[in-house]
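**Q** The opening position of the sequence shown corresponds to residue 769 in this note's numbering, with each subsequent residue numbered one higher. The beta-carbon is built from N, C-alpha and C at its ideal position, and this holds for glycine as well. This structure is a prediction, so every number in the text was calculated from the model and none was measured. I'd like to ask some things about the structure below.
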Amino acid sequence: MTSPLEALLDQRDWLLADGATGTNLFNMGLGAGDPPEFWNTEKPDNILKLYQGSVDAGSDLFLTNSFGGNAARLKLHNAQNRARELSRVSAELGREVADKTDRTIIVAGSVGPTGEIMAPMGSLTHELAVEIFHEQAEGLKEGGVDVLWVETISAPEEYAAAAEAFALADMPWCGTMSFDTAGRTMMGVTSADLAAFVEKLPNPPLAYGANCGVGASDLLRTVQGFTAGGSERPIIAKGNAGIPKYHDGHIHYDGTPELMGEYAVLARNSGAKIIGGCCGTMPEHLRAMREALENTPKGSKPALEEITAKMGAFSSATDGTGDNEAAPTRQNRRRRT
Ligand SMILES: [Zn+2]
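Here it is in structure tokens:
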């Protein structure tokens, strides 16, 4: 049976995902150290408002408020026994919003990292990681998500553990990594590495890609890295709204709605099919992104110079794949074999 996201991906050339969860909830008064997942039961109206904000702005898909809803993360708040419940409720609230909308809205069950380092470098075993992700996956499934969605991952071992857990839950899934360290993830994974890695998983994702990281420019370069090797699997681009800047003791994202509209078009032209925002992306940004995607025909892949001219400089000279130092000839470049 075709899952709702697969069906929508077949029908459409692009999908608009959602924006920030954290930034939106902080604006509603969530404290900096508070677990957002507690609001699923304590302040469900705020979570409904968060979801509705994305839908009203034109998103085709939104992520549930369950990013930190695995037992390893909830343990920091002494709530490790609530992983399944908080994840289920995040999904039920999502279902409520999606089902009363008169177009297809995909509810994607957000699964964030465990926050622990996996063996052999760290102490979290593969078996335990699978168990942690599986518990959350079952909660999200019970709550009615259409698809599971692991995000902000930096280690391939953790990505693979989530994939295995999602197979146990018998659910389709998507997965993004965060390329925040000179084009690579914190654990050294490049865009080319992830593109190759997903194809080797026994249950590959419906779509894969990048979220968060540094700025929108870097993220677009990463998207081009996914497609450079000929990857044909749908690609996800969820970049931050501009560059994070410290301002009066908090992090502020400088991207305007107009800039994010440009970003959305560049992301599609770079090869992304599911396009959304991450930190700092508010409904007004999503609205501009939807409008830009609807009103701009798909163009050719932008050169890196066009990306930096429109979106600002990259945070590092290369994306870490080692083959794009000679940026001016990028269009003709060949991959090293
Ligand atoms: Zn982010």
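1) Can you tell which of 956, 943, 1075 and 948 has its C-alpha closest to the C-alpha of residue 967?
2) Thinking residue 886 and residue 840 are a contact (beta carbons under 8 Å), I'd like their distance in whole angstroms, please.
3) On a Cα-Cα basis, can you pick out the residue from 888, 1056 and 875 that is closest to residue 864?
4) At a cut-off of 7 Å, would you count residue 980 as near ligand 1, judging by its Cβ distance to the nearest heavy atom?
5) Could you check what DSSP says for residue 952 in three-state terms: helix, strand or coil?
6) If you reduce the DSSP assignment to three classes, tell me which class residue 990 lands in.
7) At the level of alpha carbons, what is the spacing between residue 1010 and residue 894?
8) Is the Cβ-Cβ distance between residue 920 and residue 880 less than 8 Å?
9) Is it right to say residue 1085 is buried, meaning 16 or more other beta carbons lie within 10 angstroms of its own, or is it exposed?
10) Can you give me the C-alpha to C-alpha distance between residue 853 and residue 907, rounded to a whole angstrom?
11) With burial defined as no fewer than 16 other Cβ atoms inside 10 Å of the residue's Cβ, what is the status of residue 1102: buried or exposed?
12) Can you tell me where the alpha helix (DSSP H) with residue 1029 in it begins and where it stops?
13) So residue 1004 and residue 1021 are supposed to be a Cβ contact under 8 Å. How far apart are they, rounded?
14) Can you grab the Cα-Cα spacing for the pair residue 1072 / residue 963, in whole Å?
15) Taking contact to mean at least 3 C-beta pairs separated by less than 8 Å, is the stretch 801-810 in contact with the stretch 946-962?
16) Might you give, ordered along the chain, the residues of its own chain that have their beta carbon closer than 7 Å to the beta carbon of residue 892, omitting 5 neighbours on each side?
17) In three-state terms, what does DSSP make of residue 1079?
18) May I have the straight-line CA-CA distance separating residue 898 from residue 794, to the nearest angstrom?
19) Assign residue 862 to one of three DSSP states: helix, strand, or coil.
20) Suppose the cutoff is 8 Å on Cβ atoms and the five residues either side in sequence are ignored; what does the same chain contact list for residue 774 look like?
21) Give me, in chain order, the residues of the same chain whose beta-carbon lies closer than 6 Å to that of residue 1049; leave out the 5 immediate sequence neighbours on both sides.
22) Could you check the C-alpha separation between residue 813 and residue 833 for me, to the nearest Å?
23) Measuring straight from C-alpha to C-alpha, what distance separates residue 1046 and residue 988?
24) Buried or exposed, going by whether 16 or more other CB atoms sit within 10 Å of the CB of residue 902?
25) Pop quiz: residue 842 and residue 851 are said to be a contact at Cβ under 8 Å. What is the actual Cβ separation, rounded to whole angstroms?
26) Round the Cβ separation of residue 1037 and residue 1002 to the nearest angstrom and send it over; I've been treating them as touching at under 8 Å.
**A** If we stick to the structure as given:
1) To locate residue 967, count along the sequence shown from 1; it is residue 199. It is 943.
2) Indexing the sequence shown from 1 puts residue 886 at position 118. Indexing the sequence shown from 1 puts residue 840 at position 72. No, residue 886 and residue 840 are not in contact; Cβ-Cβ is about 11 Å, not under 8 Å.
3) Along the sequence shown, one-based indexing puts residue 864 at 96. The shortest Cα separation from residue 864 among 888, 1056 and 875 belongs to 875.
4) Translated into the one-based positions of the sequence shown, residue 980 becomes position 212. Residue 980 Cβ: within cutoff of ligand 1.
5) In the sequence shown, residue 952 corresponds to position 184, counting from 1. Correct three-state label for residue 952: strand.
6) If you number the sequence shown from 1, residue 990 lands on position 222. Helix.
7) For the purposes of this step, residue 1010 is taken as residue 242 along the sequence shown, with counting starting at 1. For the purposes of this step, residue 894 is taken as residue 126 along the sequence shown, with counting starting at 1. Straight-line Cα distance between these residues: approximately 35 Å.
8) On the sequence shown, residue 920 is found 152 positions in, with the first residue counted as 1. On the sequence shown, residue 880 is found 112 positions in, with the first residue counted as 1. Yes.
9) Mapped onto the sequence shown, residue 1085 falls at position 317. Around the CB of residue 1085, fewer than 16 other CB atoms lie within 10 Å, so the residue is classed as exposed.
10) As a working note, residue 853 is residue 85 in the sequence shown. As a working note, residue 907 is residue 139 in the sequence shown. So the two alpha carbons sit approximately 6 Å from each other.
11) On the sequence shown, residue 1102 is found 334 positions in, with the first residue counted as 1. In this prediction, residue 1102 scores a pLDDT of 43, lower than 50, which makes its location untrustworthy; the coordinate-derived value is nonetheless stated afterwards. The residue in question, residue 1102, is exposed, as its Cβ has fewer than 16 Cβ neighbours within 10 Å.
12) Position 261 of the sequence shown holds residue 1029. Segment 1025-1038, the alpha helix (DSSP H) holding residue 1029.
13) On the sequence shown, position 236 is the one that residue 1004 refers to. On the sequence shown, position 253 is the one that residue 1021 refers to. So it is not a contact: roughly 19 Å between Cβ atoms.
14) Numbered from its first residue, the sequence shown carries residue 1072 at position 304. Numbered from its first residue, the sequence shown carries residue 963 at position 195. Distance between the alpha carbons of residue 1072 and residue 963: 20 Å.
15) No: the two stretches stay apart, fewer than three of their Cβ pairs being nearer than 8 Å.
16) Mapped onto the sequence shown, residue 892 falls at position 124. Within its own chain, the residues whose Cβ lies closer than 7 Å to the Cβ of residue 892, once the five positions on either side in sequence are excluded, are 882, 884, 885 and 886, listed in chain order.
17) Within the sequence shown, residue 1079 is the residue found at index 311, counting from 1. The answer is helix: DSSP assigns residue 1079 an H, G or I state.
18) For this step, residue 898 is matched to residue 130 along the sequence shown. For this step, residue 794 is matched to residue 26 along the sequence shown. Rounded to whole angstroms, residue 898 to residue 794 spans 30 Å at the Cα level.
19) By one-based count along the sequence shown, residue 862 stands at place 94. For residue 862, the three-state secondary structure derived from DSSP is helix.
20) To locate residue 774, count along the sequence shown from 1; it is residue 6. When the five nearest sequence neighbours on each side are left out, the beta carbons in the same chain lying within less than 8 Å of the beta carbon of residue 774 are those of 940 and 974, in order along the chain.
21) Counted from its first residue, the sequence shown places residue 1049 at position 281. Cβ-Cβ distances below 6 Å link residue 1049 to 787, 788 and 1009 in the same chain, with the five nearest sequence neighbours on each side left out; the list follows chain order.
22) Translated into positions along the sequence shown, residue 813 becomes position 45. Translated into positions along the sequence shown, residue 833 becomes position 65. The alpha-carbon atoms of residue 813 and residue 833 are separated by roughly 12 Å.
23) For the purposes of this step, residue 1046 is taken as the residue at position 278 of the sequence shown. For the purposes of this step, residue 988 is taken as the residue at position 220 of the sequence shown. Going by the C-alpha atoms only, they are around 13 Å apart.
24) Within the sequence shown, residue 902 is the residue found at index 134, counting from 1. Burial call: buried.
25) Reading the sequence shown from its first residue, position 74 is the one you call residue 842. Reading the sequence shown from its first residue, position 83 is the one you call residue 851. The Cβ separation is near 6 Å, so the contact holds.
26) Counting from one through the sequence shown, the residue named residue 1037 turns up at place 269. Counting from one through the sequence shown, the residue named residue 1002 turns up at place 234. Between residue 1037 and residue 1002 the beta-carbon gap is near 15 Å, outside 8 Å, which marks them as no contact.
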